[in-house]
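Q: Mapping to the numbering used here: the sequence shown position 54 is 1046, numbers consecutive. Built from N, CA and C at the ideal position, the CB exists for glycine as well. Starting off with a structure, shown below.
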Amino acid sequence: MANKIRFSKAKELDFYTTLNKRVDEYFIFNKISKNANWVMIFKTLFYLGVFTAAYLLLILNETNVAGQFALWIIIGFFTAFIGLNISHDAIHGSFSRHKWVNRVLSYTFNIIGANAYLWGIMHNIVHHTYTNIEGHDEDIESVPLLRMSPHQKLLKVHRHQYWYAFIFYGFASLSWVFIKDYVKFFKKKIGNYDNMKHPRIEYFNLFFFKAVYYTIFLIVPMILIKALWWQILLGFFVLHFCEGITMAIIFMLAHVVEETNFPLPNEKGNMDNSWAVHQLYTTADFGRENNVLNFLCGGLNFQIEHHLYPRICHVHYKPISNIVKETAEEYNLRYNANPTFAGAIRSHIRLLKKLGKVELVPLAG
Ligand SMILES: [Zn+2]
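The structure is reproduced here in structure tokens:
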């Protein structure tokens, strides 16, 4: 059962209706599908190919110890890219119009150590619906040492978080594969859902795929790689540091920057804005013209477009972002975008500084 949060209907302003019509027209006019195209198929083969090749070179002892560390780093970044580019789309059901294709590709998430079923709940439902709402969006809640929203308790140590936060980001995927999934799976409450019950098969999947992951990335390397045990463990840690920091930063730049809001419902559970406007105000794009970012981020530098259209494959976000931006401006709605990646990082650091010093930060309205 969900504790009800209601988005306003009064302020819909026809924005989303008009936008939906224009976005649909874009696909009809250009005679293209909303799902994967050849670019997406190339990306999928590229990310999975490099990842597999790097892993095989590592376990087949094709390099010396220094080379092994380079391979651990490559595997780390490519794990993040697989998660962002392939698994994320597949779990949203946007990769293909065929359900089975999405289901098969969503297993890439399990292979990289995270649980696709839980992500479907925490991300697709909780995060995508209740974005940046304290107590409902689990993605802005991490550890007490990080204050990611003005509604979280301010501690003295938070004044330093603008630099130490990045160390925590490096541990994000490590905690995911060893702690987070288990804790969330056995917790009764996820986001605003009380009394969660999971299908029996998911208990099996959780433990089975975790065991597969630990076998592929810890046990097999320990048996096959010609290096000292601590060098292998250090390599595994380096993999996760690269993966975690990549995933965490991309999330932070989209939701935890100076431009985004952290609205709360009133005592009746009502939100000020409609769902679509809420998504617009709690989300930010970054580096929209940067083609390297577009290739690496799985369209998540077009996070506004992703939040409004999670069922559209990310390779289409760049062209439809112009439609979203123009329509938002036409309806006098703020469209948050940091022009560059570096600018978005600076904005994130400035917000971390503010959140580390003041009880309630005055937010962009
Ligand atoms: Zn998503």
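1) For residue 1191, is the classification buried or exposed, using 16 other Cβ atoms within 10 angstroms of its Cβ as the cut-off for buried?
2) CA-CA distance, residue 1217 and residue 1240?
3) Do you know offhand how far residue 1347's Cα is from residue 1174's?
4) Which parts of the stretch 1122–1206 are runs of the alpha helix (DSSP H), unbroken and 4 residues or longer, counting only runs that do not cross its ends?
5) Give me the Cβ distance between residue 1071 and residue 1063, rounded to the nearest whole Å; I'm assuming they're in contact under 8 Å.
6) Figure out for me which residue from 1263, 1262, 1264, 1271 has the closest Cα to the Cα of residue 1251.
7) Less than 7 Å separating the Cβ of residue 1120 from some heavy atom of ligand 1?
8) Does the beta-carbon distance from residue 1358 to residue 1143 come in below 8 Å?
9) Less than 8 Å between the CB atoms is what I'm expecting for residue 1315 and residue 1018, so what's the real figure, rounded?
10) Nearest to residue 1044 by alpha carbon, out of 1058, 1104, 1128, 1013?
11) What is the DSSP secondary structure of residue 994, counted as helix, strand or coil?
12) Any heavy atom of ligand 1 closer than 7 Å to the Cβ of residue 1302?
13) If contact is defined by three or more beta carbon pairs under 8 Å, each pair taking one atom from either stretch, is the stretch 1163–1182 in contact with the stretch 1108–1117?
14) Compute every distance between the C-beta of residue 1306 and the non-hydrogen atoms of ligand 1, then say whether any falls below 7 Å.
15) Under 7 Å Cβ to Cβ from residue 1236, same chain only, skipping five residues before and after it: list those, please.
16) Taking only the alpha-carbon atoms, compute the straight-line gap between residue 1337 and residue 1242 and give it to the nearest angstrom.
17) Considering Cα atoms alone, identify which of 1292, 1138, 1121 is closest to residue 1079.
18) Which class does residue 1278 belong to by DSSP, given the choice of helix, strand or coil?
19) Distance, Cα to Cα, residue 1034 vs residue 1238?
20) Of all Cβ atoms in chain C, is any one closer than 8 Å to the Cβ of residue 1257?
A: By the coordinates alone:
1) So residue 1191 counts as exposed.
2) Their Cα atoms are separated by approximately 29 Å.
3) Approximately 30 Å between the Cα atoms of the pair.
4) Given a length threshold of 4 residues, each whole run of the alpha helix (DSSP H) inside the stretch 1122–1206 is given here in chain order: 1153–1161, 1164–1167, 1173–1177, 1192–1206.
5) Between residue 1063 and residue 1071 the Cβ distance is about 12 Å, and since that is not below 8 Å, they are no contact.
6) The option with the nearest alpha carbon to residue 1251 is 1271.
7) Flag set: Cβ of residue 1120 near ligand 1.
8) No statement about residue 1358 is possible, as the shown extent of the chain runs from 993 to 1357 and does not include it.
9) Contact flag correct, Cβ pair sits at about 6 Å.
10) Selected option, being the one with the closest Cα: 1104.
11) The pLDDT assigned to residue 994 is 47, lower than 50, so where the model puts this residue is not dependable; a value taken from the coordinates is nonetheless given after this. Assigned with DSSP and collapsed to three states, residue 994 falls in strand.
12) Within the cutoff, so yes.
13) A contact exists between the stretch 1108–1117 and the stretch 1163–1182.
14) No, Cβ of residue 1306 sits at least 7 Å from all heavy atoms of ligand 1.
15) Within the same chain, residue 1236 has close Cβ partners 1161, 1162, 1163, 1164, 1165, 1166.
16) Going from the Cα of residue 1337 to the Cα of residue 1242 covers about 10 Å.
17) Among 1292, 1138, 1121, the Cα nearest to that of residue 1079 belongs to 1292.
18) In the structure shown, the three-state DSSP call for residue 1278 is strand.
19) Going from the Cα of residue 1034 to the Cα of residue 1238 covers about 21 Å.
20) No chain C is part of this structure, which consists of one protein chain only.
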